[in-house]
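S.K.: This structure is in structure tokens; I'll ask about it shortly.
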Amino acid sequence: MKNILITGAAGFIGTNYVKKIAVKEKDYHFVLLDALTYAGHYENIKVDVESNSHLEFVHGNIVDEKLMDELFKKYQFSGVINYAAESHVDRSITNPQVFVQTNVNGTLNLLHHSLKAFENNPNFRYLQVSTDEVYGSLTEEDPAFTENHPLAANSPYSASKAAADLLVRSYYETYQLPTLITRCSNNYGPYQMPEKLIPLMITKARADQKLPVYGNGKNIRDWIYVDDHNRGVWQTFLQGRIGEIYNFGGQAEKRNLEIVELILAQLNKPKELIEFVTDRKGHDWRYAMNIEKVHQEFNWKPQVSFDQGMQLTLDWYLQN
Ligand SMILES: NC(=O)c1ccc[n+]([C@@H]2O[C@H](COP(=O)([O-])OP(=O)(O)OC[C@H]3O[C@@H](n4cnc5c(N)ncnc54)[C@H](O)[C@@H]3O)[C@@H](O)[C@H]2O)c1
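When we follow the numbering used here, the leftmost residue of the sequence shown carries the number 40, and every step to the right adds one.
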């Protein structure tokens, strides 16, 4: 049986990956690794791990060289999907060091051990889960980011992710390690930390608290339902061309204010709860993804519309 290492498996996107993909892929043995930082919650995947013998959880840090050495020796991984990261832009503005530790040094550690795994297994693959934020910011008129767009990260978070992407590229170019990079727009769905826009606004609105909106609220993000992203990651892992980068997006560009107003309307709460607050430092104006490549190569398209995805997300938060 093929052993696959999934890092960051107890985070928002990792949890949804475990529940929708890993549980069904019984031809693989998944080693689900997570450091359980403030953003990781083992309770969310415990039931899946305990009821599936092909899933195994390991509490550990991707920066830990000794642990990675032990895990790679024990399991002889045939693939790695690296979801683990410090992921919250605001936290990266106040404490960038930990972002470099995990996102840069952690990725390097995984690449280093992956190279040894590749020496023993020519079919080994390493997939880096990255973000549209590495491309920087667009104006209202700019065309959407393609995979060839220059890297122009603006926040410590996106800079650390861009640095990781370049390390991944260097392992492909220098050592021919079979690597893949996926870059995706803003995810939403169940199990997201309440500090991110959509869960934050749902939580505040339900409690009749003020909803803090950065600047004038007009910044634009492309939103993708988390299951569509994970389906793309898994398809890339299985079918992607080695050394390539693949963009994923939900084809749903929205201004932050539109999202907040939609949540208030769905929850029957007044717009007066909105409170405009001092803008985020270095706030990127707009992200938009050109997804032509994944459509051409994998016939991938988002399957969950923004309206459907928001309904699913609201229902989940109301029940949990
Ligand atoms: N959320 C988004 O909108 C989005 C969009 C594009 C790409 N991404 C990328 O997808 C990945 C997952 O994002 P998310 O939203 O699920 O983040 P998240 O913060 O919810 O989860 C990250 C997980 O990684 C774990 N982790 C952190 N540091 C670790 C370390 N040193 N070793 C092992 N585990 C560690 C955390 O405990 C957590 O469980 C990240 O790489 C992120 O950059 C996220």
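Where a beta carbon is used, it is the ideal one built from N, C-alpha and C, also for glycine. Bear in mind that the values here come from a model prediction, so they are computed numbers and not experimental data.
Considering only their Cβ atoms, is the gap separating F111 from H93 smaller than 9 Å?
M.R.: Going by C-beta atoms, H93 is not nearer than 9 Å to F111.
S.K.: Inspect the beta-carbon positions of G288 and I330 and report whether they are closer than 9 Å.
M.R.: Against a cut-off of 9 Å, the Cβ pair of I330 and G288 comes out as a contact.
S.K.: Going straight from the alpha carbon of T170 to that of F315, what length do you get?
M.R.: So the two alpha carbons sit approximately 27 Å from each other.
S.K.: Which parts of the segment 298-329 are runs of the beta strand (DSSP E), unbroken and 3 residues or longer, counting only runs that do not cross its ends?
M.R.: Here the runs fully enclosed are 313-316.
S.K.: Pairs of beta-carbons, one from the segment 194-208 and one from the segment 251-270, closer than 8 Å: are there three or more?
M.R.: With the cut-off at 8 Å, the segment 194-208 and the segment 251-270 do not touch.
S.K.: How many angstroms separate the CA atom of L75 from the CA atom of E125?
M.R.: Distance between the alpha carbons of L75 and E125: 11 Å.
S.K.: Rounded to whole angstroms, what is the Cα-Cα separation between Y122 and D247?
M.R.: When rounded, the distance between both Cα atoms is 34 Å.
S.K.: With P238 as the anchor, note down where its alpha helix (DSSP H) starts and where it stops.
M.R.: From DSSP, the alpha helix (DSSP H) with P238 extends over 236-245.
S.K.: Can you check whether the CB of D87 is closer than 9 Å to the CB of A61?
M.R.: It is a contact, given that the beta carbons lie within the stated cut-off.
S.K.: Can you give the beta carbon distance from A49 to Y77, rounded, assuming they're within the 8 Å contact cut?
M.R.: Incorrect: roughly 11 Å between the Cβ atoms, too far for contact.
S.K.: Enumerated in chain order, which unbroken segments of the beta strand (DSSP E) with a length of 3 residues or greater are wholly contained in the segment 134-177?
M.R.: Qualifying beta strand (DSSP E) stretches, in chain order: 164-170.
S.K.: Pairing CB atoms from the segment 138-145 with CB atoms from the segment 181-193, are three or more of them under 8 Å?
M.R.: They do not touch, by the three-pair rule.
S.K.: Is it the case that the CB of N100 approaches a heavy atom of ligand 1 more closely than 8 Å?
M.R.: Because some heavy atom of ligand 1 lies under 8 Å away, the Cβ of N100 counts as near it: yes.
S.K.: Can A123 be considered in contact with ligand 1, in the sense that its beta carbon sits closer than 8 Å to one or more heavy atoms?
M.R.: Yes, the Cβ of A123 comes within 8 Å of a heavy atom of ligand 1.
S.K.: Output the boundary residues of the beta strand (DSSP E) element that contains N121.
M.R.: Where N121 is concerned, the enclosing beta strand (DSSP E) stretches over 118-121.
S.K.: Alpha carbons only, please: which of D181, S117, I313 is nearest the one belonging to Y165?
M.R.: It is S117 whose Cα lies nearest to the Cα of Y165.
S.K.: May I have the straight-line CA-CA distance separating M349 from K155, to the nearest angstrom?
M.R.: Those two C-alpha atoms are separated by around 43 Å.
S.K.: Closer than 8 Å to a non-hydrogen atom of ligand 1 - does that hold for the CB of A74?
M.R.: Yes; taking the cut-off as 8 Å, the Cβ of A74 has a heavy atom of ligand 1 nearer than that.
S.K.: Would you report the Cα separation of V173 and K257, rounded to the nearest angstrom?
M.R.: Taking the straight line from one Cα to the other gives about 21 Å.
S.K.: Are there any heavy atoms of ligand 1 lying less than 8 Å away from the beta-carbon of A78, as far as the coordinates show?
M.R.: Indeed, a heavy atom of ligand 1 lies less than 8 Å from the Cβ.
S.K.: For K340, does the count of other Cβ atoms within 10 angstroms reach 16, so buried, or fall short, so exposed?
M.R.: Exposed, by the Cβ-count rule.
S.K.: Please return the same chain residues whose Cβ sits closer than 8 Å to the Cβ of N83, not counting the five positions on each side in sequence.
M.R.: These residues qualify, in order along the chain: A49, T54, Y230.
S.K.: Would you call N100 buried or exposed, if buried means 16 or more other Cβ atoms sit within 10 Å of its Cβ?
M.R.: Flag for N100 reads buried.
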